[in-house]
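The structure appears right after this line, and notes come after that.
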Amino acid sequence: MATHGIAVSNLSKTFGRESVLTDVDLTVDPGEFCVVVGPSGCGKSTLLKCIAGLHDIDAGHVELDGRDVTTMPIRETDVGFVFQEFENTLFPHKTVAENVAFGLEQRGDLASEAIDDRVDSMLELLAIAETRDDTPSELSGGQQQRVELARQLVRDCETMLLDDPLADLDYKLQKRMELELRRLHADSGSTYVYVTHNQEQALELADTLVVMNDGQIEQVGAPTEVYDRPATAFVGRFVGDSNLFRSQLRNRNGETVTVETDVGEMTATTTGRSKSLPDESVTIVRPENAVLGASTKANAFEGTLEGRTYTGERTEFTVAVPARDGTRRSLTVVEPGEATAGDLHESVTVGWDATDAVYFDTVSVTETTTIDDLEVL
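Following numbering that gives the first Met the number 0, the numbering of the sequence shown begins with 0 at its first residue and continues without gaps.
Written out as structure tokens, the structure reads:
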């Protein structure tokens, strides 16, 4: 039995003179739901297509269930691939049901009644049963996307590669489809690799989360690990919301450090991943770890309450804190549910413990990402 559902080693890919993937290593356990996130253009979709055999690679190897498929076309592997660019993947002259049944018919091992049952079940599951006899031209973009999704999922492949398949759906339908995908995955036991730009979706779907940046992998781990213990400042900045402070190291005592920031001196902790620390890096504080009215915290700053937004699940506050250059720095504070914290434009204290502020020893695994880049993420 293969120890990995998918194993990618030292994979590199260029398009012309542009390097898109550089020495990528990734293993996905059999039956795992792995989600890949990263900024636009970071190489996540290219990685998926290299795994599928849709792109020739310049270096490295790809194994599926213990078999080297590096040079093998996708038609010779038990892989389903859902394209983000789905418009040209459906047969325009076939009905929805015929499109979805096509892959099952090509296998030749199922009776027509069994194929019809599986197709109808999948169409019902993806909320497109009413389109069964329509052709793709009669469907909306979101419906076409679900037909392509159904066409691949109905095949029940050992490996499913999905390139942002829910991107064009409205929020409520996305949430419903996420639940159905999770259920299908659990029932099938297949290995899923799912690419998305939607961080909320990634955190909710993933067994394992992969964060990519500029053709390289920044971190691989469980969603809670990636969010709570980011390996690099890039991950801390990209995954979830954050308050980021450009920082100069002033003192270190074990894993506790004193740093100078634009709003004043701050006590923070290190990631614990490196014995040495740079003289300049960034400190990150999650908005949910910042507290209003926290004058007794290790880090407490006076500011003005400039904004309050209630989202239904939480309340987001914006606090303007004086910076040392004479400007005002906006910080975000998040509290669960509906919360109040005084009137707008009144003075307020915002603070956090040293353990809730992380000074990073590494900005990014790439040589191209700088602190300036993080400030505009």
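Virtual Cβ for every residue (Gly too), placed ideally from N, Cα, C.
- In terms of Cβ geometry, Glu157 and Asp64 form a close pair [threshold 9 angstroms].
- Counting only runs that start and end inside the segment 297-364, the beta strand (DSSP E) elements of at least 3 residues fall at 298-309, 313-321, 327-335, 346-351, 356-358.
- Nearest Cα to Glu315 within the set Leu138, Lys296, Ser241, Asp261: Ser241.
- The beta carbon of Ala267 is closer than 7 angstroms to those of Val256, Val258, Thr282, Ala353, Ala356, Val357, Tyr358 in its chain, skipping five residues each way along the sequence.
- Note that the C-beta distance between Thr195 and Leu148 is not below 9 angstroms.
- A direct Cα-to-Cα measurement between Gln144 and Leu152 gives close to 12 angstroms.
- Under a 10 Å Cβ-count criterion, Val219 is classified as buried, with 16 or more other Cβ atoms of the shown protein chains found around its own Cβ.
- Relative to the Cα of Thr339, the nearest Cα in the group Ala319, Asp324, Arg313 belongs to Arg313.
- Annotated three-state conformation of Glu62 is strand, per DSSP.
- Leaving aside the five residues that flank Leu89 on each side, the residues in its chain whose CB is nearer than 8 angstroms to its CB run, in chain order, Asn98, Pro135, Gln143, Val146, Glu147, Arg150.
- Non-local C-beta neighbours of Gly52 in its own chain, meaning closer than 7 angstroms and more than five positions away in sequence, comprise Val68, Met71, Pro72, Ile73, Thr76, ordered along the chain.
- Distance from the CA of Asn9 to the CA of His54, rounded to the nearest whole angstrom, comes to 15 angstroms.
- According to the DSSP assignment, Met159 belongs to the beta strand (DSSP E) that extends over 158-162.
- By the C-beta density criterion, Gly79 is buried, having at least 16 other C-beta atoms within 10 angstroms.
- Contact between Leu125 and Met176 holds, with the beta-carbon distance rounding to 7 angstroms and staying under 8 angstroms.
- Annotation for Gln215: Thr21, Val364, Thr365 place their beta carbon closer than 6 angstroms to its own, counting only its chain and skipping 5 residues before and after.
- With fewer than three CB-CB distances shorter than 8 angstroms, the segment 228-246 does not count as touching the segment 291-305.
- Pairing Gly239 with Ala58, the inter-Cα distance amounts to about 33 angstroms.
- As for any beta strand (DSSP E) of minimum length 3 sitting wholly inside the segment 173-202, the runs are 190-194, ordered along the chain.
- Within the segment 19-90, the complete alpha helix (DSSP H) segments at least 4 residues long are 43-51, listed from N- to C-terminus.
- Where Arg117 is concerned, the enclosing alpha helix (DSSP H) starts and stops at 111-124.
- When the beta-carbon positions are compared, Val375 and Ala322 stay at least 9 angstroms from each other.
- The Cβ-Cβ distance between Ala96 and Asp115 falls below 9 angstroms.
- Straight-line measurement puts the Cα of Pro229 at about 26 angstroms from the Cα of Thr310.
- The C-beta distance from Val19 to Val7 rounds to 14 angstroms, too long to fall under 8 angstroms, and the pair is not in contact.
- Taking Gly341 as the centre and dropping the five residues before and after it, the same chain places the C-beta of Leu304, Val347 closer than 7 angstroms to its C-beta, in chain order.
- Linking His184 to Lys296 through their CA atoms gives a straight-line distance of about 44 angstroms.
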